[in-house]
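Sequences listed follow chains A, B and C, in order.
Every number in my numbering is 148 more than the matching position in the first sequence, counting from 1.
Every number in my numbering is 52 more than the matching position in the second sequence, counting from 1.
Every number in my numbering is 7 more than the matching position in the third sequence, counting from 1.
Report on the following structure.
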Amino acid sequence: MISEELQRIGSTTQDEEDRFEHQILVCKGTACISAHSEQVEDALKAELEHQGLHTQCRVKGVGCPGLCAAATLITVQPEGRLYKEVQPEDAAEIVASIKSKAVQRLSIPTNVPFFQRQRKLVLENSGVVDPEEINDYVARGGYNSLISALTEMSPAEVITEITKSGLRGRGGAGYLTGLKWSTVSKAGGAHKYVICNADEGDPGAFMDRSVMESDPHRIIEGMTIAAFAVGADQGYIYVRAEYPLAVKRLQAAIRQAGKLGVLGNSIAGTTFSFNIEVRLGAGAFVCGEETALMASIEGKRGTPRPRPPYPAEHGLWGYPTLLNNVETFANIPVIIREGSEAFAQIGTEKSKGTKVFALTGCVNNSGLIEVPMGITLREIIYDIGGGIPNDRPFKALQTGGPSGGCIPKEYLDTPIDYESLMQLGSIMGSGGMIVMDDTSCMVDVAKYFMKFSMLESCGKCIPCRVGTTQMHNLLDKISQGRATLDDLALLEELCEMVKRTSLCGLGQSAPNPVLSTLRFFRDEYLMHVVEKVCPAGVCKIHHEEVTHS
Amino acid sequence: MKTTTQTMNRVKTLKIDDRDVSGSEHQTILDVARENDIFIPTLCHIDGLSDIGACRLCVVEIKGSGKLVPACATEIQEGMEVFTQTEALAKYRKLILEMLFTEGNHICSVCVSNGHCELQYLAARLGVDHVHLPYLHQQRTVDASHERFIVDHNRCILCTRCVRVCDEIEGAHTWDVTGRGTKARVITDLNQPWGTSETCTGCSKCVHICPTGALVEKGKSVAEMSKRREFLPYLTSMREKNNG
Amino acid sequence: MLKTKSKSLPLPSDDRRWQLVNATMRRHGYEADALIEVLHSVQSAFGYLDRDAIQFVARSLRVPLSRAYGVATFYEHFTMKPKGAHTCVVCMGTACYIKGTPAILNGIETSLSIHEGETTADSKVSLLSARCLGACGMAPAAVFDGEMVGKLSTEDAVARVERWTTE
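Written out as structure tokens, the structure reads:
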């Protein structure tokens, strides 16, 4: 039986770990690798050997503990000592200190809000398990949720459990996951597909990359449970080509899962079969939109099509298709394991569970965080984020990337959920959170996002294709101090029209950064238009020169 | 919303602009509107080809839904209330046409399609008497390498009717779209001069289905290029019969 | 899904890299939906896509030529221009943007006398920008020949590319 097999693997892996008094966990996420964590790992191994401690302490590569700005991060267990900015040269000192006091100059205190205010469900294994080793995932209870869903629950019961949990799609729009699953399960078709949207395209967001790099099996497990629930036989993970490490780890994880028998034909001895293939994106933001994403998997230009028909009924190659994003699938094993009631106790009335955010920009602790829904923006920025460097004044928090908006300081006490962010003219989005201080100009930020949308517009529908270019040109004119109040009025007219008439979410939400900055920072626009001044000193204002010719 | 058992007999009743109308299941809002002489402007739609809902001129309002939907690609629902002529829609449609005028380089007075152009007709009909958006002045090219036809990208509105008729009716798939955003262009084969295309059959369907003067026959003078479209519904129904 | 068995077309030349491309097509059963995967494989083997390659792939997968060309030019990742011996990709994601990558890009552009998206005349360095590398925690970031470098300064970035030009 597979469950005994998992148990055996779990205890062997645990025994193996118990042979060592200490473990040094080295982060091998993209950020830490770029800070030479692999050399740190080698240096630590060599040093353990050198100091004769290799039988008492081992080195293990793990995923991201979150504080990417402090790479390379390592953790010494069981003491839980966390070290930052570790260099290969530090290996000797760290190894020598294992049996004594921590190395003070590298230590990060762990009893601080950055760690204590977080609530880790999706990231529970990140920075703990070796992402390249399925046994490590199994030892932490991995694939137990899948086995219990397959052997103790019916597909309908799984869907009920997900529905009762109140989980909503973590890709941005917040559609109820259980409802989506239920629609796909009811649709008829010879085939059904499950697609994991890992085309994390928002600039300033890296939550999905980190989950894929740190805990790839969690996504596979979540997708397989979903496939069982809706009756799908084939899955695809659509990953950005810009994430080579994530692709490599997912592919390795799929192979390992197939070998163990938790993926592939007759999973866990049941009649249920499910395979997963990784498909590479090729650099098109619009492919985050579900119909465009499916076109891309079919090998076509990633242009969206009108919905309905929805993918749940008419999806990949015309078959019913369930699409969820990485974080949504990563929540599934927890819900099955802990039960929907326990999950639903976290969060707010309408937004349950936790949310992973990529906290970046002008903030002291930048990195990946997971917090319960309902936490306030102020707590995130000032407690977890540790405030703004050099105590500069906070100006805005950007969420939702090019589809979102800028939230000003008056709303810092807003508890985070899908609805409250929407009311502020922003969106939850996939989880990018960029803190801006008084050195950022809101017109420049709006222009930055509009340029992004303009370059990413697929060109299929007219309002988005021409509208984003027109809006960008107007913003450019404003930022150069060449615009009039009529231009500002025209910009607002275009915002409304593009939002209302565009074919897909990219166009419909492209005006959001402009609308939200106009709503909260109109003065700044007027300063550029009327006074020909950029208060933040970012925009290069072209003062009309009197020409004598 | 009221649910009725009428869905069984495949006839659906709805309201368009406060008029009671009916249609059969799977008909689009546009189909039913046209049957009832209700005018909804379109550019990318043409009877006999698949619908892509791209030009957004045919967007309509549905009571109870905040979203606008393309009439060409939205099937009717029992009890639906559709509004095709609101003040907001009129404004949006004019802006869409204005956007097209700023994107391309449309000079009607020297165009072979002057007087036979769908863009020109709609602009007049919807009251686009001036363009208040700045022109983009894009550099676009003309390809006259084909012995009988010309493609003038200055006049192309990217409706992709040529792409679809070539793929869906002629079966040659000579045309497609390259690039994206305002840099997107229709191309033949590997973005090569049309005259060198290996797949083009020279059937001229793309030329006749083009709504503007982007695809035209050689040797026409100003306003001489009128287009024949009668072939399309006939070919479509014959293909359906043969495949069905 | 049932994969139809197809035979491969004659390879365009005896360059061994075509065998890698052909292997990708074979793995996907020469199905049309593998177009993007195969273009990835062409680009990783040859560094860029050209018409001959697109034509070979299109014919092998029985995809219309114009569609294959349309796909190859839709996606930002694919390039029709040969890249230089070295590549620098500057991240233009939001976090990097507000932390100064525009100035870094500017510095490199001035130093190499090329614009973003171009390659130096001696084919030594290509300069690209990315919409987001997902390394926001270490902003500002850039990738030098596949190596991600975070917390980058303009001076450091310029020094790195100048080292390439004087090789």
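Cβ atoms here follow ideal geometry from the backbone N, Cα and C, with glycine treated the same way.
Unbroken beta strand (DSSP E) run spanning residue i, endpoints
i	result
Q382 of chain A	382-387
I424 of chain A	423-428
F669 of chain A	That residue, F669 of chain A, is in no beta strand (DSSP E); it is neither H nor E in DSSP.
G158 of chain A	Segment 150-166 is the alpha helix (DSSP H) holding G158 of chain A; no beta strand (DSSP E) there.
D72 of chain B	71-76
Extent of the continuous alpha helix (DSSP H) run through residue i
i	result
M32 of chain C	24-34
S574 of chain A	Note, S574 of chain A: premise wrong, no alpha helix (DSSP H); not H, not E.
H93 of chain C	First-last for H93 of chain C: 93-98, but that is the beta strand (DSSP E), not the alpha helix (DSSP H).
G490 of chain A	Residue identity differs from the one stated: residue 490 of chain A is Ala in this sequence, not Gly. 488-492 is the span of the alpha helix (DSSP H), which, as asked, contains A490 of chain A.
P180 of chain A	One point to set straight first is that residue 180 of chain A is Cys, not Pro, in the sequence displayed. Where C180 of chain A is concerned, the enclosing alpha helix (DSSP H) stretches over 178-182.
R630 of chain A	Per DSSP, R630 of chain A belongs to no alpha helix (DSSP H) and is neither H nor E.
G533 of chain A	Counting along the chain, G533 of chain A falls outside any alpha helix (DSSP H), and DSSP gives it neither H nor E.
D163 of chain C	161-172
Test: residue i CB closer than 9 Å to a CB of chain C
i	result
G515 of chain A	yes
E155 of chain B	no
D238 of chain A	no
T439 of chain A	no
H225 of chain B	yes
K500 of chain A	no
N243 of chain B	yes
V229 of chain B	yes
K448 of chain A	yes
C606 of chain A	yes
Counterpart residues of residue i in DSSP-defined beta bridges
i	result
A506 of chain A	A:L516, A:G580
Q225 of chain A	A:Q171
P563 of chain A	A:T524
P556 of chain A	A:A544
M155 of chain C	C:V150
Y341 of chain A	A:Q382, A:T469
T230 of chain B	B:R237
K67 of chain B	B:D72, B:E133
S133 of chain C	C:T94, C:T126
K500 of chain A	A:G495
L120 of chain B	B:E113
I202 of chain B	B:V268
Residue-chain proximity (residue i, chain B), Cβ-Cβ < 9 Å
i	result
I121 of chain C	no
P611 of chain A	yes
K10 of chain C	Residue confidence is low: K10 of chain C scores 47 on pLDDT, short of 50, so the model does not pin down where it sits. No coordinate-derived value is stated.
L16 of chain C	no
P19 of chain C	no
T86 of chain C	no
M602 of chain A	yes
I43 of chain C	no
P456 of chain A	yes
Contact with chain A by residue i, beta-carbon distance below 9 Å
i	result
V183 of chain B	no
M151 of chain B	yes
A166 of chain C	no
A106 of chain B	yes
G77 of chain C	yes
Y82 of chain C	yes
Y104 of chain C	yes
I128 of chain B	no
Any 3 or more C-beta pairs closer than 8 Å across the stretch 364-381 of chain A and the stretch 463-477 of chain A: yes
Alpha helix (DSSP H) runs wholly inside the stretch 582-626 of chain A, at least 4 long, in chain order: 590-604
Stretch pair the stretch 121-135 of chain B + the stretch 89-106 of chain B: three plus CB contacts closer than 8 Å: yes
The stretch 147-156 of chain B / the stretch 181-196 of chain B touching (three or more Cβ pairs under 8 Å): yes
Contained beta strand (DSSP E) runs [length at least 3] in the stretch 127-189 of chain B, N- to C-terminal order: 133-135
The stretch 139-153 of chain C / the stretch 96-112 of chain C touching (three or more Cβ pairs under 8 Å): yes
Segments assigned alpha helix (DSSP H), at least 4 residues, entirely inside the stretch 184-256 of chain A: 185-198, 239-244
Contact between the stretch 196-212 of chain A and the stretch 492-510 of chain A (3+ Cβ pairs under 8 Å): no
Cβ pair count under 8 Å reaching 3, the stretch 222-233 of chain B against the stretch 73-87 of chain C: yes
The stretch 572-581 of chain A contacting the stretch 621-634 of chain A, beta-carbon criterion three pairs below 8 Å: no
Segment contact flag, the stretch 308-318 of chain A with the stretch 166-182 of chain A, C-beta cutoff 8 Å, min 3 pairs: no
Three CB pairs or more closer than 8 Å across the stretch 120-139 of chain C and the stretch 151-163 of chain C: no
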